[in-house]
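Below is one structure, written out as structure tokens, with a few remarks after it.
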Amino acid sequence: MLTVSRPPSLRLHCSSSQRKQTDQKNGRYLSQRHKKQRSSTLSFRKSSPTPLLINHKPSPQTKLEALDAVINDLESSINNGITIDTQTYASLLETCYRLRALDQGVRINRLIPPNLLRKNEGLSSKLLRLYASCGQVNGAHEVFDRMSRRNVAAFPWNSLIAGYAESGQYEDAIALYFQMAEEGVEPDRYTFPRVLKACAGIKSIHIGEAVHRDAIRSGFTKDDFVLNSLVDMYAKCGDIVRARKVFEKIVHKDMVSWNSMLMGYIRHGLLLETLDIFREMLFQGFQPDSISLSSILTGMSSLKLALQVQGWVVRREVQWNLSIANSLIVVYSNHGMLDKARWIFDNMPERDTVSWNSIISAHTKSREALLYYEQMVRDGAKPDCITFVSLLSTCAHLGLVKDGERLFSTMKEKFGISPSMEHYACVVNLYGRAGMVYEAYAIVVERMEIEAGPTVWGALLHACCLHRNVEIGEIAAEKLFELEPDNEHNFELLIRIYENAGRLEDVEKQMSDVGDDEKSPRKGVDPLKNNDYFKKVHFELDFRAMPNGMDSTSGATEQTLDRRPSLGCRIYGGCCGTPVPMDEEEAVSATLTQSNSSNTPGELHQRYRSPPSPKVITRRLLQ
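Numbered per UniProt numbering, the sequence shown spans residues 1 to 623.
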């Protein structure tokens with residue numbers, strides 16, 4: 001049978017499998033010459049530019065390596081006596097800022113002649129912005145202090161204020177803002193959002209109002225960028241009504257505006273207002289992003305409501321991302337549906353530290369939290385301070401003292417995380433639950449690198465109450481009376497310690513001191529709280545911890561109310577006392593299908609006044 005071989009050029013365009021099948025069918029293989037020609041041609045085609053290679057985006061690591069190579073060439077040029085112009089330094093510092101390449105920026109800083117950096121304000125400003133954006137505020141302040149003409153413009157001030165605010169040093173950011181005013185530097189539209197973020201960080205509404213007045217005097221109250229920051233500040237500082245008023249003044253609302261208002265309502269437990277603003281946002285043509293959706297999901301205390309929002313996300317084919325998946329893990333774990341939380345976690349294409357923290361926090365009552373931590377480290381994820389709070393809480397709950405000690409040491413030595421007040425409180429709780437009260441006390445008075453706060457002393461007092469240690473319990477209680485004079489729970493724990501130890505004379509003495517000493521921190525404690533019936537009702541009606549939907553406690557609550565049919569009070573839930581309507585599910589359904597809102601800020605404020613306290617409601621129950 002006569003076979004006709006194809007020209008080598010045509011054979012090159014076939015796939016390897018097709019070529020092999022054709023050659024086998026023809027009963028021969030390519031000659032050595034054709035193999036060499038094919039190899040050279042394919043190598044050439046591979047190295048030639050293609051649209052795929054042209055559109056390929058280099059990874060951050062590749063960019064950093066290229067930047068290092070440029071800096072190496074720059075060092076060689078300087079060593080050879082070549083003078084580098086200012087524009088080259090400025091361009092490299094700008095690149096370092098975009099890549100947040102602090103180490104490379106430090107290298108460039110060493111190469112810049114000091115006199116050039118001192119004379120050129122633009123170069124100093126770029127270096128200052130680089131240090132501030134990378135969290136090196138001390139280095140940024142050194143550059144700032146060396147600037148001879150820093151008062152010409154607000155740019156260097158803004159960069160340093162932003163650096164302090166981003167690194168959590170809010171007081172320093174606010175102090176720098178007032179120093180800026182004293183030196184006569186006029187703020188611009190970028191100054192106010194940065195200092196307002198600092199005000200929100202320390203929740204100082206008084207300083208925030210002062211900054212608001214400065215913005216009015218400077219004529220920036222019509223700037224949407226400034227107004228968005230004001231909404232966020234007032235919402236975080238607790239004045240949700242003022243936040244809504246500022247929100248209504250924004251002419252061109254964007255997703256930042258809607259998310260600030262949305263998260264403000266969620267933070268205050270105002271479910272209906274959250275749904276109203278979400279519905280209004282949809283009506284205005286804005287599609288919720290990952291921030292708004294994750295905020296709504298985590299803010300829903302009722303599982304039915306959260307599932308309806310999740311269904312809306314699925315129906316609208318909204319693209320899922322890390323924040324939405326992390327929020328669903330939190331929702332399911334908060335309602336005890338750990339199998340669903342694990343399913344979402346296991347099927348995530350990628351995970352961040354928040355994902356690991358969410359799944360670890362969901363398993364703080366079992367050893368699985370420690371197993372997830374080990375898997376987290378194996379996968380190369382870096383634990384943060386929140387991770388170790390959950391892990392130490394797990395060890396305290398399970399009585400794993402050795403594991404807790406090992407994790408506490410690992411946190412500092414391996415990951416470089418400085419222990420916070422929450423970490424020390426967990427360690428004290430770890431020893432306290434295990435009956436090692438004196439070891440817990442030694443942590444507080446000897447090993448803490450920071451001054452112990454109420455959470456640490458409170459954990460120690462609980463340990464003393466659990467193990468009837470009167471000696472250390474009195475020390476912890478007196479310290480708490482100084483730190484938290486209005487916290488009645490500390491006094492209750494001290495009374496319980498005396499009762500458990502059989503020291504009834506001390507109980508009577510403490511109770512008599514409540515009415516005698518006007519300056520006593522226990523002044524105003526209700527003696528009814530020693531009543532057994534009060535304790536039962538108190539735990540059944542724990543309003544500050546009760547979810548809005550009352551899924552887990554509604555049965556107990558209804559039984560309690562049935563025994564007292566004429567109470568004359570309403571049941572409130574949520575962290576800020578939001579009334580819980582009976583048709584929350586219907587409200588969500590209406591929100592996801594309708595898109596108009598008729599509630600004004602004033603009406604909302606009148607509809608949701610602060611509810612009576614648990615003490616007032618309990619007294620009505622006892623009447």
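A virtual CB, placed ideally from N, CA and C, is assigned to each residue, including glycine. From a predicted model like this one, the values you see are computed outputs, not experimental measurements.
Limits of the alpha helix (DSSP H) - the one that residue i falls within
i	result
L196	T191 to I202
H206	I205 to S218
N490	E488 to N500
I291	S290 to G299
A221	One detail in the question is off: residue 221 reads as Thr in this sequence, not Ala. Per DSSP, T221 belongs to no alpha helix (DSSP H) and is neither H nor E.
C385	C385 to L398
K382	First-last for K382: undefined, no H or E at that position.
K340	L338 to D346
I240	I240 to E248
N326	L322 to N334
K304	L303 to R315
N357	T353 to A362
Nearest-angstrom beta carbon gap, residue j and residue i [assumed within contact, 8 Å]
i	j	result
H462	L493	7 Å
R194	F225	Contact doesn't hold; Cβ gap of about 11 Å is too wide.
F178	F220	Wrong, their Cβ atoms sit about 17 Å apart, outside the cutoff.
K236	A200	4 Å
I71	Q104	6 Å
V444	V470	That pair is no contact at about 17 Å.
H423	L392	6 Å
V164	A153	According to the sequence displayed, residue 164 carries Tyr and not Val. Contact doesn't hold; Cβ gap of about 19 Å is too wide.
A90	K126	6 Å
N326	S295	That pair is no contact at about 12 Å.
V137	Q169	7 Å
A425	T387	16 Å between Cβ atoms; not a contact.
V143	S167	Rounded, the Cβ-Cβ distance is 16 Å, inconsistent with contact.
R351	A306	Between A306 and R351 the Cβ distance is about 21 Å, and since that is not below 8 Å, they are no contact.
S204	V231	With a Cβ gap of about 16 Å, S204 and V231 do not count as contacting.
A132	A162	6 Å
L460	G432	7 Å
Cβ-based burial, residue i [other Cβ within 10 Å; buried from 16]
i	result
R242	buried
L262	buried
residue 626	Since the first and last residues shown for the chain are 1 and 623, residue 626 lies out of range.
I78	exposed
P288	buried
H206	exposed
I495	buried
R110	exposed
L504	exposed
P349	exposed
I240	buried
P419	buried
- Message: What ranges does the alpha helix (DSSP H) occupy inside the segment 63-148, keeping only unbroken runs of at least 4 residues that lie completely in it?
- Response: Those alpha helix (DSSP H) runs which fall completely within the segment 63-148 and span 4+ residues are 86-99, 102-111, 114-119, 121-133 and 137-146.
- Task: Let me know the alpha helix (DSSP H) ranges lying completely inside the UniProt repeat "PPR" (153-187), each 4 residues or longer, listed in chain order.
- Result: 155-166 and 170-182
- Task: Count the CB pairs spanning the segment 363-370 and the segment 344-351 that are closer than 8 Å, and state whether there are at least three.
- Result: no
- Does the segment 140-151 come within contact of the segment 116-130, defined as at least 3 CB pairs closer than 8 Å? yes
- Cβ pair count under 8 Å reaching 3, the segment 405-414 against the segment 438-457: no
- Where in the UniProt repeat "PPR" (254-288) do unbroken runs of the alpha helix (DSSP H), each at least 4 residues long, occur, reported from the N-terminal end onward? 255-267 and 271-283
- If you scan the segment 400-486 from start to end, which runs of the alpha helix (DSSP H) of 4 or more residues do you find wholly inside it? 401-413, 421-433, 437-442, 454-467 and 470-483
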